[in-house]
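According to this note's numbering, the sequence shown is numbered sequentially starting from 314.
Beta carbons: idealized from backbone N, C-alpha and C, even for Gly.
Computed from a predicted model, the values in this text were never measured in an experiment.
Below you'll find the structure, written out as structure tokens, and then a few comments.
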Amino acid sequence: MTTPAPVASQPRPRQLLLEGLENRWRNYRLELKRCRAEFSNEAVHDLRVSTRRMLALIQLLNSISPRPRLQKLIRVFKDQLDEFDTLRDTQVILAELSEIVQEFPQLQGFQKHLRSTEERMLRMLRKKIRKLETSETTSRIRKTHESIETWAEDKLGTQIMQAVDDAFLRTKQRYGSIELTRPATIHRVRVAFKSLRYMVEIVHPLLKDFPKENLKRMNDYQSLMGEIQDAEIFTQTLADFSEHASLSDPEPVHRYEEQRCTEAISAYAKEMNQLESFWRGGPDQPFPWERTV
314 MTTPAPVASQ PRPRQLLLEG LENRWRNYRL ELKRCRAEFS NEAVHDLRVS TRRMLALIQL
374 LNSISPRPRL QKLIRVFKDQ LDEFDTLRDT QVILAELSEI VQEFPQLQGF QKHLRSTEER
434 MLRMLRKKIR KLETSETTSR IRKTHESIET WAEDKLGTQI MQAVDDAFLR TKQRYGSIEL
494 TRPATIHRVR VAFKSLRYMV EIVHPLLKDF PKENLKRMND YQSLMGEIQD AEIFTQTLAD
554 FSEHASLSDP EPVHRYEEQR CTEAISAYAK EMNQLESFWR GGPDQPFPWE RTV
């Protein structure tokens, strides 16, 4: 049984967006400064998360009122995430290899190769973070803040909810095309759902009786799809490596990969219908937590 959020004064929509922009931009700059001062896996992770939260908010703003300035900001933060995500994929594979390499010693060469790749990526990323120029981004953020202050309050709440409705519709459309035997179709849902989840994280203070545990449930749901994607990336990265280096006795490794992917898909399949519990089907429908039994 879900527990409704405690009653609290709801922010005005414009206030929510302004404070969201201020807080996320402040956090992004703090994490960037920290990452420059003490470059570590934890600092890189936290900067990646703050970048993703900035991107989600800018995408929401652009859905409400499309502007070239917002589209440029989206490109800036997406490009940064691409750098982080490639490193993250490598580190996830290395973490898995550390757990299975004793069982599959034939993967030691693959592990050594990825360690070198990780070191190279970290060196490149550290240089890019140190040289990252934020003056143009700062100017665009300031102008965006000024622009939001002029938005009409009476329509803004409806526009915000419409943006999330649209994100949920995109997710549902992709969900309807899922074929469990084709992990790429699940990944497409995951990409759309990730945008939806971060939007809900932003707007939920506007929603009466929103169950706060839904934020964790949405994260868990995304993680189930993420496990499938991680398994696919492991398989593809190993296949790419094997094109240039022979892998002795590959069959046990292939069986392990197939089993892991099958188990990840099975785990998601058991929970996949939870999607309907996270948002309403349209503006004329109640939210799932408002429905009476």
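Check                                                                                                                                                                   : Outcome
Specify, as a first and last residue, the run of the alpha helix (DSSP H) that Thr-403 falls within.                                                                    : 381–413
Suppose the cutoff is 6 Å on Cβ atoms and the five residues either side in sequence are ignored; what does the same chain contact list for Glu-545 look like?           : Pro-496
So, for Glu-584: in the same chain, excluding its five sequence neighbours on each side, which residues have a beta-carbon less than 7 Å away from its beta-carbon?     : Tyr-534 and Leu-537
Tell me whether Ser-429 is buried or exposed, calling it buried when 16 or more other Cβ atoms sit within 10 Å of its Cβ.                                               : exposed
Once you ignore the five residues that flank Thr-484 on each side, which residues in its own chain have a CB closer than 6 Å to its CB?                                 : Ala-505, Phe-506 and Leu-509
Assess contact between the stretch 379–390 and the stretch 354–361, defined as three or more Cβ pairs (one per stretch) separated by less than 8 Å. Is contact present? : no
Counting pairs of beta carbons, one from the stretch 559–566 and one from the stretch 590–604, are three or more of them closer than 8 Å?                               : no
I'd like to check one pair, Leu-400 with Leu-427: are the Cβ atoms closer than 8 Å?                                                                                     : no
Report yes or no: do the stretch 516–528 and the stretch 324–340 share at least 3 C-beta pairs separated by less than 8 Å?                                              : yes
Give the straight-line distance between the Cα atoms of Glu-466 and Tyr-488, rounded to the nearest whole angstrom.                                                     : 34 Å
According to the neighbour-count rule (16 or more other Cβ atoms, all chains shown, within 10 Å of its Cβ), is Leu-469 buried or exposed?                               : buried
Threshold first: 3 residues or longer. Then list the beta strand (DSSP E) segments lying entirely within the stretch 316–352, N to C.                                   : none
How is the alpha helix (DSSP H) around Ser-448 delimited, first residue to last?                                                                                        : 448–461
Does DSSP put Met-314 in a helix, in a strand, or in coil?                                                                                                              : Below a pLDDT of 50, predicted positions are generally treated as unreliable, and Met-314, at 42, falls in that range; the measurement from the model is reported next regardless. Of the three classes helix, strand and coil, the one that applies to Met-314 here is coil, per DSSP.
Can you give me the Cβ contacts of Leu-373 inside the same chain, cut-off strictly under 7 Å, excluding the 5 residues immediately before and after it?                 : Ala-476, Met-512 and Ile-515
Quick check on Ala-350: buried or exposed, where buried means 16 or more other Cβ atoms within 10 Å of its Cβ?                                                          : exposed
Pick helix, strand or coil for Phe-547, following the three-state DSSP scheme.                                                                                          : helix
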